[in-house]
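Just add 13 to the spot in the sequence shown (first one is 1) and you have the working numbering.
Backbone N, C-alpha and C fix where the C-beta goes; we use that ideal spot for every residue, glycine too.
Bear in mind that the values here come from a model prediction, so they are computed numbers and not experimental data.
Structure first, commentary second.
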Amino acid sequence: MAWLRGAAVITLPVEIDISNADQVRDELLSLLNRGPAVLLVDMAETTFCDSAGVNALVRAHKRATANGAELRLVIAAPGVQRVLAITGVDRLIPVYPSVAASLAGAGTPGRDEETPALREQ
Numbered sequence: 014m015a016w017l018r019g020a021a022v023i024t025l026p027v028e029i030d031i032s033n034a035d036q037v038r039d040e041l042l043s044l045l046n047r048g049p050a051v052l053l054v055d056m057a058e059t060t061f062c063d064s065a066g067v068n069a070l071v072r073a074h075k076r077a078t079a080n081g082a083e084l085r086l087v088i089a090a091p092g093v094q095r096v097l098a099i100t101g102v103d104r105l106i107p108v109y110p111s112v113a114a115s116l117a118g119a120g121t122p123g124r125d126e127e128t129p130a131l132r133e134q
């Protein structure tokens, strides 16, 4: 975990599945309990996220909301973007193409040039 411009930033593993989703969830919840106004979840290197990983993100979003914090996701892999689009999580949690864009709150979350399917929603 690192702090950038007042936001807590955590980098998640390349694959998030049933074998590590509980650990990911616990780390996200623990960070949110420290009271950051913004938690950036850097999944730029994550290439696979199953339903257990999605559940961990949703639980973290609920905790962030309860704490008055904002959760932001950084996602680059089309497969991960697709999972979040299919489940609707990309409409629940803002998705950005890079940490820099997330820090700036630049552009429309989840609507970068690489994801035409997301732009149609």
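Burial state of R85 is buried, judged by a 10 Å Cβ sphere holding 16 or more other Cβ atoms. Per DSSP, the continuous beta strand (DSSP E) segment holding R85 begins and ends at E83 to I88. Taking each of D35, W16 and V22 in turn and checking the Cα distance to S64, the smallest one comes out for D35. Cβ atoms of V51 and V87 stay farther apart than 8 Å, at about 12 Å.
One thing to note: V27 has its Cβ no nearer than 8 Å to the Cβ of M14. Under the three-state reduction of DSSP, T60 is assigned to coil, being neither helix nor strand. Beyond the five residues adjoining it in sequence on each side, A77 comes within less than 7 Å, by CB distance, of L45, L52, E83 and L84 in the same chain, given in chain order.
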